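Enquirer: Below is a structure I'd like to ask you about.
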Amino acid sequence: MKSDVYRLEKNMTDFQRIPSEAERVASYNSLDERQSRRLRLLSEELIGMLPELLGFGRGEFWIENEGKRFELHVSVTPDSVLDLDKDRILSVSSSGENVATKGIMNKIRVAAEMMLMTYGETTTEYQCDFYDMGMVTDLHHYSSAWSLNSYKEQASGQSEEWDELEKSIIANLADDVIVGVTGKKVEIVVVKNF
């Protein structure tokens, strides 16, 4: 089943339909209260990165499921071919400086941003060890993909990275998060099996 598709526009600030859609999908699929809360919480986690990602273009949100396997999708189509804009990237940083990306949700967002921009130019501006740690090949239908599970495997034994994973809601609730390029879009897919 595929839920309604919600269009997301630049400068959009009202994302309340996203958690409501997660609740509607949970109810339709007879998820219990705990499962419904988890699906809603995962959708709320995605909302935090939308303002920055929609700065690149327009987006869409929807939920798909087959049985008890649920996928929350965010797709961003850039307005045009993007080149590296160092000032724009650094403006996301609260300090305005080029510092390592902290937090799992920020790493997922930056992975999406890096796929929206020219990777060759971007790698010199970001400290992107986390990006390389999560890269995977031949995952689903993506020409390029980053996976939270791949990142977790690589981060095992690295105290700072593992500490971030343990504190992250999405890393603890989702079975995987995949950031991939398909056609001219970048998709973020949060996978949850109930």
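Going by the numbering used here, the letters in the sequence shown line up with residues 782 to 975, in that order. Glycine residues also receive a C-beta, built at the ideal position from the N, C-alpha and C atoms. Just so we're clear, the structure is a prediction, and the values are computed from it rather than from any experiment.
In the structure shown, what three-state DSSP assignment does LYS966 receive?
Expert: As a first step, residue 966 is located in the sequence shown; it is residue number 185 there, counting from the start. Three-state result, LYS966: strand.
Enquirer: Let's test the definition: count the other Cβ atoms within 10 Å of the Cβ of ASN846 and tell me whether it reaches 16, buried, or not, exposed.
Expert: On the sequence shown, residue 846 is found 65 positions in, with the first residue counted as 1. Classification of ASN846: buried, given that the 10 Å Cβ count is 16 or more.
Enquirer: If you drop the 5 nearest sequence neighbours on each side, which residues of the same chain put their C-beta closer than 7 angstroms to that of GLY829?
Expert: Your numbering for residue 829 matches position 48 in the sequence shown. The residues are MET886.
Enquirer: From which residue to which residue does the alpha helix (DSSP H) around LEU897 run?
Expert: As a first step, residue 897 must be located in the sequence shown, where it is residue number 116. Segment 885-897, the alpha helix (DSSP H) holding LEU897.
Enquirer: Is VAL958 near ILE950, with beta carbons less than 9 angstroms apart?
Expert: Here residue 958 refers to the residue found at position 177 of the sequence shown. Here residue 950 refers to the residue found at position 169 of the sequence shown. The answer is no: Cβ separation not under 9 angstroms.
Enquirer: Do VAL967 and LEU823 come within 9 angstroms of each other at the CB atom, strictly closer than that value?
Expert: Counting from 1 along the sequence shown, the entry for residue 823 is found at position 42. Counting from 1 along the sequence shown, the entry for residue 967 is found at position 186. It is not a contact, given that the beta carbons lie outside the stated cut-off.
Enquirer: Please go through the same chain and pick out, in chain order, the residues whose beta-carbon is closer than 7 angstroms to the beta-carbon of ASN953, but skip the five residues on each side of it.
Expert: For the purposes of this step, residue 953 is taken as the residue at position 172 of the sequence shown. So the list is empty, once near-sequence residues are dropped.
Enquirer: Considering just the uninterrupted stretch of the alpha helix (DSSP H) at ASN953, what are its terminal residues?
Expert: Here residue 953 is taken as the residue at index 172 of the sequence shown, counted from 1. ASN953 -> alpha helix (DSSP H) spans 950-954.
Enquirer: Do you know whose CA, among GLY848, TRP943, LEU897 and LYS849, lies nearest ASN883's CA?
Expert: If you number the sequence shown from 1, residue 883 lands on position 102. It is worth fixing the name first, because residue 883 is Lys in this sequence and not Asn. Looking at the Cα atoms, TRP943 is the closest of the given residues.
Enquirer: Buried or exposed for VAL786, please, with buried defined as at least 16 other CB atoms from any protein chain shown within 10 angstroms of its CB.
Expert: Translated into positions along the sequence shown, residue 786 becomes position 5. Answer is exposed; the Cβ neighbour count stays below 16.
Enquirer: For my contact list, ALA803 and ILE844 are in at a C-beta cut-off of 8 angstroms; report their separation, rounded to the angstrom.
Expert: Taking the first residue of the sequence shown as 1, we reach residue 803 at position 22. Taking the first residue of the sequence shown as 1, we reach residue 844 at position 63. Confirmed, Cβ separation roughly 6 angstroms.
Enquirer: Mapping the DSSP letters down to three states, classify LYS783 as helix, strand or coil.
Expert: The residue you call residue 783 lines up with position 2 of the sequence shown. Strand, per DSSP.
Enquirer: Count the other CB atoms within 10 Å of the CB of TYR923; is the residue buried (16 or more) or exposed (fewer)?
Expert: Position 142 of the sequence shown, counting from 1, holds the residue named residue 923. The residue in question, TYR923, is buried, as its Cβ has 16 or more Cβ neighbours within 10 Å.
Enquirer: How far does the beta strand (DSSP E) with GLU847 in it extend, from its first residue to its last?
Expert: In the sequence shown, the residue the question calls residue 847 occupies position 66. Where GLU847 is concerned, the enclosing beta strand (DSSP E) stretches over 838-847.
Enquirer: Considering just the uninterrupted stretch of the alpha helix (DSSP H) at SER925, what are its terminal residues?
Expert: Here residue 925 is taken as the residue at index 144 of the sequence shown, counted from 1. Counting along the chain, SER925 falls outside any alpha helix (DSSP H), though it belongs to the beta strand (DSSP E) covering 925-928.
Enquirer: What's the gap between the Cα of SER784 and the Cα of PHE851?
Expert: Mapped onto the sequence shown, residue 784 falls at position 3. Mapped onto the sequence shown, residue 851 falls at position 70. In a straight line, the C-alpha of SER784 is about 11 angstroms away from that of PHE851.
Enquirer: Can you tell me where the alpha helix (DSSP H) holding GLU804 begins and where it ends?
Expert: If you number the sequence shown from 1, residue 804 lands on position 23. Its alpha helix (DSSP H) spans residues 798-809.
Enquirer: Out of GLN816, ILE799 and GLN939, point me to the one whose CA is closest to PHE842's CA.
Expert: If you number the sequence shown from 1, residue 842 lands on position 61. Closest option to PHE842, Cα to Cα, is ILE799.
Enquirer: DSSP state of MET916, grouped into three classes?
Expert: For the purposes of this step, residue 916 is taken as residue 135 along the sequence shown, with counting starting at 1. Residue state, collapsed to three classes: strand.
Enquirer: Run the CB neighbour count on SER770, radius 10 Å, all protein chains shown included, and call it buried at 16 or more, exposed below.
Expert: For the chain, the structure presents residues 782 to 975; residue 770 sits outside this window and is missing.
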